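The numbering used here applies: residue 93 is where the sequence shown begins, and numbers increase by one.
Have a look at the structure below before the remarks.
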Amino acid sequence: MRSTWELKEHSTGILTTTVTGEVWTQAQAQAFKKIAQKVQMPGFRKGKVPAHLLKRAVNPQSVLYEAIDAIATDALREAVEEQSLEIVGRPSLDIEEMNEESVTLKFEVAIKPEVTLGEYKQLDVKKAAVTISDDEVNQRIKAIQERNAEFIIKDEDGTVENGDTAVIDFEGFQDGVAFAGGSGNDYPLEIGSGSFIPGFEEQLIGMKAQETKEIQVTFPQEYQAEELAGKDATFKVSVHEIKYKELPQFDDEMVKEQKIEGVESVEAFKEYTLNQLSEQKEQEADQAFTNELLTKIVENAQMDIPQVMIDEECDQMINEFANNLKSQGYSLDAYMSVTQMSMESMREHFSLDAKNKISARLVLEAIAKAENIEVGDDEMDAEMEAIAARYGMELEQIKQLIAKDAIAYDLRMRKALTLIKETAGK
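Written out as structure tokens, the structure reads:
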């Protein structure tokens, strides 16, 4: 068995291998035997037809194709090893030449692309400083007050103000004709929420309970109902009642109702919230810092990613998205129906993210190789113990579920990322 490799564009190429000798002879013999067992001839039981009659009954081409099916996988594996290739995706097979003496197979394969690294150390990227204002803490407090607010009905002299909830009947007309989906009864509309057409809520301000008026609006150009997009409309609106929120006092009792371990006073809640916000913003800043670094490193590197890698990453991302929807009680088909997305448009949506993920992974692998980053057994053991503790599982369960190679790979990637982060901005 001998092979040749010709690299073409986008990290794809043609791997050609020729099989001769005993391997090919035995493959044909086995193929003939397999086909012969299925031959039926009058006067003979199935599988008992004499050899000299079988040779005339069996198509020689069928034997050759059956033999190719039997050896193709091994031929590909040996050729890949001989050429030291790391293939990705499923190869396609073409038969260049075949006869009883030899067969030449041509596999079109995609390989893991080589990465030529550019600058990846001491990049001019800095992590943003994190600050938390009193307003942010107070917003968390106000959100709790809002959830516990009481709605008080205004008296007959009260008018609609921003922030109030007006209970209304409404009906929409275009050129004097009511349109479908443009009416509602006893609808509680929070003024200033932006939940209605732009300009609708603002025109209710100043109205009293039991008052009726007509308001004029223009539907947005991007409105979902095409027959209304960009069109003028008139709404007849009647206000039944007006409610305003009365926020409760945020005190120690309300803090205790939040059932946060170790937090039983307003001051303790503020400190807890400050720490929580700081941690959240630190994570966000670190993620933004990491993303910017990886973007620069990818831009500085050169690689030619085969489409099959992007397709496979897309498949994985769509499967993860579908599983997330399923955990929330939705299906991917239902989501696509509501959003009017086709599978083609969904793949297009995920394609760029898929390519970015692959690019980042490849440059980190290249950095780990360039820096001779290794992972010791003690590091892998510590990581497995950490995973077991995180998920409340036994260590032996983790060892059975996760391969050591996967742990080692993940740790190498993290070490490579840590290296570029530690040298950035210096």
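We put the CB at the ideal spot given by N, CA and C, even for glycine.
Computed from a predicted model, the values in this text were never measured in an experiment.
A distance below 8 Å separates the beta carbons of Pro398 and Ser103. Cβ contact annotation for Gly181 (same chain, cutoff 6 Å, sequence separation greater than five): Ala202 and Val400, in chain order. If only complete runs of 4 or more residues are kept, the region 214 to 285 shows the alpha helix (DSSP H) at 226 to 239, in order along the chain. With contact defined as three or more Cβ pairs closer than 8 Å, the region 256 to 270 and the region 326 to 344 are in contact. Of the residues assessed, Gln120 falls on the buried side of the cut-off, its CB having 16 or more other CB atoms within 10 angstroms.
Annotation for Glu228: Leu369 place their beta carbon closer than 7 Å to its own, counting only its chain and skipping 5 residues before and after.
In the DSSP annotation of this structure, the continuous segment of the beta strand (DSSP E) that includes Phe199 starts and ends at Ser194 to Ile203.
Residue burial is scored here from C-beta neighbours: Ile245 has fewer than 16 other C-beta atoms within 10 angstroms and is therefore classed as exposed. DSSP, read as helix, strand or coil, puts Val207 in coil. When secondary structure is reduced to three states using DSSP, His441 falls in the helix class. Note that the C-beta distance between Glu514 and Lys449 is not below 8 Å.
The Cβ atoms of Phe327 and Ile307 sit closer than 8 Å to each other. Gly264 sits buried, since 16 or more C-beta atoms from the chains shown fall within 10 Å of its C-beta. Less than 8 Å separates the beta-carbon of Leu168 from that of Phe199. By the Cβ test, the region 370 to 379 is in contact with the region 216 to 225, since at least three Cβ pairs between them sit closer than 8 Å. Between Lys204 and the set Ser437, Ala498 and Asp396, the nearest pair of CA atoms involves Asp396. Collapsing the DSSP output to three states places Tyr157 in a helix. DSSP links Gln408 through a beta bridge to no other residue. Beta-bridge pairing by DSSP links Thr165 to no other residue. In the DSSP secondary-structure assignment, Thr310 is bridged to Asp324. Excluding five sequence positions before and after Gln313, the CB atoms of its chain that fall closer than 6 Å to its own CB belong to Ala321 and Gly322, given in chain order. In the DSSP annotation of this structure, the continuous segment of the alpha helix (DSSP H) that includes Met428 starts and ends at Leu424 to Thr431. Taken through DSSP and simplified to helix, strand or coil, Leu99 comes out as strand.
Inter-residue distance for Ala516 and Ala380 is about 13 Å (C-alpha atoms, whole angstroms). Between the region 189 to 197 and the region 110 to 128, the count of Cβ pairs shorter than 8 Å is three or higher; the stretches touch. In the displayed model, Val467 falls within coil according to three-state DSSP, outside both helix and strand. In this structure, Ile233 is the residue among Ala480, Pro183, Ile233 and Arg453 with its C-alpha nearest to the C-alpha of Gln341. It is roughly 42 Å from the alpha-carbon of Lys100 to the alpha-carbon of Asp473. The C-beta of Phe311 has 16 or more other C-beta atoms within 10 Å across all chains shown, which makes the residue buried.
DSSP places Ile389 within a helical segment (H, G or I) once states are collapsed to three.
Exposure of Val269 is indicated by the presence of fewer than 16 other C-beta atoms within 10 angstroms of its C-beta. Taking C-beta atoms as the reference points, Lys348 and Glu356 count as a pair closer than 8 Å. Of the candidates Thr196, Met428, Gly291 and Ser429, the residue whose Cα lies closest to the Cα of Gly113 is Thr196.
Contact between Ser443 and Ile402 holds, since their C-beta atoms are separated by about 6 Å, short of 8 Å. If you ignore the 5 residues before and after Glu211, its C-beta comes within less than 7 Å of the C-beta of Asn392, all in its own chain and listed in chain order. Annotation: Gly105 is outside any alpha helix (DSSP H); the continuous beta strand (DSSP E) that includes it extends over Thr104 to Thr112.
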